[in-house]
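Novice: Here you go, one structure.
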Amino acid sequence: LWSMDSIFRWQKVSDLLIAAAYFSIPLEILYFVAGLRHLLPFRWVLVQFGAFIVLCGLTHLLTAFTYEPHPFMVVLLLTTAKFLTALVSFLTAITLLTLIPQLLRVKVRESLLWLKARELDREVVLMKRQEEASWHVRMLTHEIRKSLDRHTVLYTTLIELSRVLGLTNCAVWMPAAGEMCLTHELRRDGGGEDGVVGVDDADVVEVRGSDGVKLLGPDSVLAAASGGKEEGTGAVAAIRMPMLKVSDFKGGTPEVIQTSYAVLVLVPPAGKSWGRHEMEIVEVVAGQVAVALSHATLLEESRAMRDRLAEQNRELLQARRDALMANEARQAFQGVMSQGMRRPIHSILGLVSMVQEEALAPEQRLVVDTMARTATVVSTLVNDVMEMSADSRERFPLETRPFHLHAMIRDAACVARCLCDFRGFGFAVHVENALPDLVVGDERRIFHVLLHMVGNLIGRTEPGHVTLRVRAADDDVLDDRLGQRWDPWWPSYSTGYSSVKFVIGVKRQQNGDAGSPLSRRPSGKGIDLRLSFSMCRKLVQVVLLPGSLHCI
């Protein structure tokens with residue numbers, strides 16, 4: 039059983055197992071150390087240990103091949119592996135000599151960590167107390183903010199503070215007209231039946247002037263009025279509560295006003311002392327109450343604003359309905375105008391244009407041309423009314439183009455004569471021979487203005503003889519007999535200008551004096567002449583150009 043061959047075989051197997059174990063140990067060390075960052079100072083030592091173990095495994099692996107006939111290369115590799123193993127093991131031993139003092143200091147660090155743990159325990163206890171206080175504050179804040187009514191907020195504050203802190207009584211004092219009035223109290227059976235303390239009281243002044251909680255003395259009037267003098271009560275505490283007023287905004291910035299403070303008085307039972315965390319609870323709750331009161335005030339104002347906005351919305355809806363009705367009426371008006379006036383006028387224009395193509399006598403031609411021009415003016419007026427009603431415009435565009443001034447005056451005189459004959463007036467027209475014929479302007483507008491002036495004049499004066507005079511003038515500034523000032527238009531491309539005056543006068547039959555548009559009938563019918571003269575001044579100013587006369 040224990041022959042040389044079997045012994046060599048067992049040694050070979052053992053060397054292979056030892057090599058496999060040595061090769062697996064560094065992998066396990068690397069896997070274990072990979073997540074331990076606090077071992078960074080000892081990583082070089084671990085590398086040396088790993089190299090030592092790997093070289094040992096390599097030595098055993100090469101030794102396993104020496105139990106049988108082997109080449110010289112195996113012996114050389116085995117020798118090299120053993121030499122490297124010896125070198126790494128020696129370096130590892132030297133490194134361990136430097137680590138031993140550090141390992142001895144672990145005990146000292148353990149004691150330091152034990153002291154640190156005790157300090158951490160004390161801090162944990164303090165943090166638990168703070169967490170408990172913050173929990174009470176959150177609970178109180180939650181209860182306070184459940185309601186947005188000011189009185190409910192104050193009564194909830196008194197009830198919850200007395201429950202959490204175990205108080206005998208709580209009271210809220212509000213400023214009013216130089217006094218502090220007791221407005222809210224948990225129970226009213228103290229000595230302050232009147233519930234009024236002066237603002238100039240020493241304790242009131244001190245509490246309202248400080249930010250934190252103030253303990254009141256045994257002779258305090260404020261404490262006595264809040265029930266602090268009863269049997270079984272302890273040291274009374276008080277704190278101010280700012281009455282925030284930020285509802286008056288001007289341009290996004292709250293108005294700067296003097297801050298008003300209420301006073302919260304806390305009456306504990308006998309033998310109770312005020313701790314730091316209890317005072318912190320009271321301070322935080324006082325601030326939260328101030329914020330809740332401001333929110334309640336803002337809510338009341340927002341509700342009032344909402345009611346006003348709702349009323350305005352109803353008014354806007356009514357205005358919208360009115361606008362829709364007006365739009366429907368305007369559309370109906372446009373339909374009536376289109377059906378009742380535009381189509382008949384277009385029919386008349388078509389009929390007159392057909393008559394104009396026939397061979398007519400001069401008098402007939404004059405009447406037909408006048409009818410065509412008058413129908414064109416009426417069609418333009420209807421179109422203006424339609425466009426103004428559709429676009430809500432108060433102005434109309436001018437269509438400037440060349441036309442013959444003499445022909446337009448002749449047609450206007452024909453229509454004016456008909457109007458004068460119908461009203462019992464005589465009529466005459468005088469046109470200056472030097473008046474140019476070719477002009478540029480809105481022929482229909484000027485024709486309408488002339489007829490409008492004649493119609494208003496004969497409608498507002500006594501019967502007489504109407505005279506229409508048309509003449510050209512080259513003065514810089516023209517003044518007519520009515521005292522109107524005519525400022526001619528001077529364009530940048532012209533070195534001269536010219537103006538055309540349309541003068542309409544009435545000679546009354548009674549005394550033969552030359553009349554004017556100022557002698558009117560007592561009735562108030564017709565349109566104000568100022569509009570007509572203003573339109574005339576805009577439309578009949580002309581400028582003389584080489585070879586033509588422009589009328590604006």
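Letter by letter, the sequence shown follows residues 39 to 590 of our numbering.
Each residue gets a CB set at the ideal place from its N, CA and C atoms; glycine is no exception.
Computed from a predicted model, the values in this text were never measured in an experiment.
1. Mark Arg278 as exposed unless 16 or more other C-beta atoms lie within 10 angstroms of its C-beta, in which case mark it buried.
2. What residue from Leu150, Asp249, Trp211 and Gly462 has the CA that sits closest to Val237's CA?
3. For Gly216, write down the residues that DSSP places opposite it in a beta bridge.
4. Throw me the rounded Cβ distance for the Val504 and Cys458 pair, which I believe falls under 8 Å.
5. Run through DSSP, which three-state label would Tyr299 get?
6. Are Val320 and Leu304 closer than 8 Å when you measure CB to CB?
7. Under three-state DSSP, which class holds Ala308?
8. Out of Gly272, Leu115, Val245 and Glu268, state which residue places its alpha-carbon closest to the alpha-carbon of Pro280.
9. Report all residues from its chain with a CB closer than 6 Å to the CB of Ile56; omit the five preceding and five following residues, and keep chain order.
10. On the CB-based measure, 16 or more other CB atoms within 10 Å of its CB, does Val51 come out buried or exposed?
11. Could you give the distance in angstroms between the alpha-carbon of Tyr69 and the alpha-carbon of Ala328?
12. Considering only residues of the same chain and omitting the five flanking positions on each side of Ala413, which have a CB-CB separation below 8 Å?
13. Name the one or two DSSP bridge partners that His222 has.
14. Out of Val301, Ala334 and Lys252, which one is the CA nearest neighbour of Arg314?
15. How about Gly497 and Arg546: do their beta carbons lie closer than 8 Å?
16. Who are the Cβ neighbours of Glu198 in its own chain at under 6 Å, not counting the five residues just before and after it?
17. Are Ala263 and Gly233 touching if we call contact CB-CB under 8 Å?
18. Within 10 angstroms of the Cβ of Ile132, are there 16 or more other Cβ atoms? Answer buried if so, exposed if not.
19. Can you list, in chain order, the stretches of the alpha helix (DSSP H) that have 4 or more residues and sit fully within the region 348-398?
20. Give me, in chain order, the residues of the same chain whose beta-carbon lies closer than 8 Å to that of Val405; leave out the 5 immediate sequence neighbours on both sides.
21. Using the C-alpha atoms, what's the distance from Ala357 back to Val393?
22. Which runs of the alpha helix (DSSP H), 4 residues or longer, sit entirely within the region 67-128?
23. Determine the direct distance from the alpha carbon of Thr194 to that of Pro256, and round the result to whole angstroms.
24. Among Phe460, Leu337 and Met379, which residue has its Cα nearest to the Cα of Asn421?
25. Taking the Cβ atom as the reference point for each residue, do Val83 and Leu137 lie within a distance shorter than 8 Å?
26. Flag this pair as yes or no: are the beta carbons of Gly272 and Pro307 separated by less than 8 Å?
27. Once the 5 residues before and after Ala466 are set aside, which same chain residues still bring their CB inside 8 Å of it?
28. Please state if the CB of Ala124 and the CB of Leu96 are separated by a distance shorter than 8 Å.
29. Please name the residue in Phe371, Phe90 and Lys166 whose C-alpha comes closest to that of Ser62.
30. When you compare the CB positions of Ala454 and Leu476, do they come within less than 8 Å of one another, or not?
Specialist: According to the structure data:
1. Classified as buried, Arg278 has 16 or more neighbouring CB atoms from the shown chains inside 10 Å of its CB.
2. With distances taken between Cα atoms, Val237 lies closest to Trp211.
3. Here Gly216 is not bridged, per DSSP, to any residue.
4. Contact annotation, Val504 with Cys458: C-beta distance approximately 5 Å; criterion of less than 8 Å satisfied.
5. DSSP places Tyr299 in strand when its eight states are reduced to three.
6. Yes. Within cutoff.
7. In this structure, Ala308 counts as coil in the three-state DSSP scheme.
8. It is Val245 whose Cα lies nearest to the Cα of Pro280.
9. The answer, listed in chain order, is His98.
10. Exposed, because fewer than 16 other Cβ atoms sit within 10 Å of the Cβ of Val51.
11. In this structure, the alpha-carbon of Tyr69 lies about 60 Å from that of Ala328.
12. Taking Ala413 as the centre and dropping the five residues before and after it, the same chain places the C-beta of Ile383, Ile386, Leu387 and Val390 closer than 8 Å to its C-beta, in chain order.
13. Within the DSSP secondary-structure output, His222 pairs in a beta bridge with Val210.
14. Cα-wise, what sits closest to Arg314 is Lys252.
15. No, they are not a contact pair.
16. Around Glu198: Leu178 and Glu181.
17. Result yes, Cβ atoms of Ala263 and Gly233 sit closer than 8 Å.
18. Burial call: exposed.
19. The region 348-398 contains these whole alpha helix (DSSP H) runs: 381-394.
20. For Val405, where only same-chain residues beyond five positions count, the Cβ hits under 8 Å are Cys452.
21. Taking the straight line joining both Cα atoms gives about 51 Å.
22. Within the region 67-128, the complete alpha helix (DSSP H) segments of 4 residues or longer fall at 81-101, listed in chain order.
23. CA-CA distance, Pro256 to Thr194, rounds to 28 Å.
24. Distances from the CA of Asn421 to each of Phe460, Leu337 and Met379 were compared; the closest alpha carbon is that of Met379.
25. Against a cut-off of 8 Å, the Cβ pair of Leu137 and Val83 comes out as a contact.
26. Judged by beta-carbon spacing, Pro307 lies within the 8 Å limit of Gly272, meaning their Cβ atoms are closer than that value.
27. If you ignore the 5 residues before and after Ala466, its C-beta comes within less than 8 Å of the C-beta of His503, Val504, Thr505 and Leu506, all in its own chain and listed in chain order.
28. Result no, Cβ atoms of Leu96 and Ala124 do not sit closer than 8 Å.
29. The residue with the shortest Cα to Cα distance from Ser62 is Phe90.
30. No.
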